[in-house]
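Participant: I'd like to ask some things about the structure below.
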Amino acid sequence: MYSIQYHIVWCVKYRRKVLINDIEKTLKELLIEISNENNIKIIEMETDLDHIHILIECSPQHFIPNILKIFKGISARKLFLKHPEIKNKLWNGHLWNPSYFVATVSENTEEQIKRYIQT
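Heads up, the sequence shown stops at 119 in full-length UniProt numbering, and the numbers go up one at a time, no gaps.
Next up, the structure:
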């Protein structure tokens, strides 16, 4: 039995404001698809114009850098294919900044984090 939750935030390269309209919708759909394929539960997710917050639950076998690698790598590749106009605001073929923020979430703070992500 386990309950491991992480609040993760990552940004668009150069903080470009590209996560709008259909791009935002596609990104959320992709991340849900990726998480389902990798046995990761997305509890909460929201984007701003240039970054994304997600609250996930996963098993102890999941390694955070690998989770971010698949989330960022697959979503970037598929977003560029479906929305090639993104490339006009970015260069060098990178959608995501290589860094990210991650914090563990306890049962006591889960509701606070959910509200923060929603706002």
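Backbone N, C-alpha and C fix where the C-beta goes; we use that ideal spot for every residue, glycine too.
If we count the other Cβ atoms within 10 Å of its Cβ and call it buried at 16 or more, is Trp10 buried or exposed?
Facilitator: In the sequence shown, counting from the first residue as 1, residue 10 sits at position 10. By the neighbour-count rule (16 or more Cβ atoms within 10 Å), Trp10 is buried.
Participant: With distance defined between alpha-carbon atoms, name the residue in Cys58, Val12, Gln5 and Asn108 nearest to Lys87.
Facilitator: Your numbering for residue 87 matches position 87 in the sequence shown. Here the closest residue by C-alpha is Val12.
Participant: Could you tell me the boundaries of the alpha helix (DSSP H) in which Glu29 lies?
Facilitator: In the sequence shown, residue 29 corresponds to position 29, counting from 1. Here the alpha helix (DSSP H) through Glu29 covers Asn21 to Glu37.
Participant: With a cut-off of 8 Å, do at least 3 Cβ pairs link the segment 24-39 to the segment 107-116?
Facilitator: Because the criterion of three Cβ pairs below 8 Å is not met, the segment 24-39 and the segment 107-116 do not touch.
Participant: Looking at C-beta atoms only, is the number of pairs between the segment 73-84 and the segment 53-65 that lie closer than 8 Å three or more?
Facilitator: Because the criterion of three Cβ pairs below 8 Å is not met, the segment 73-84 and the segment 53-65 do not touch.
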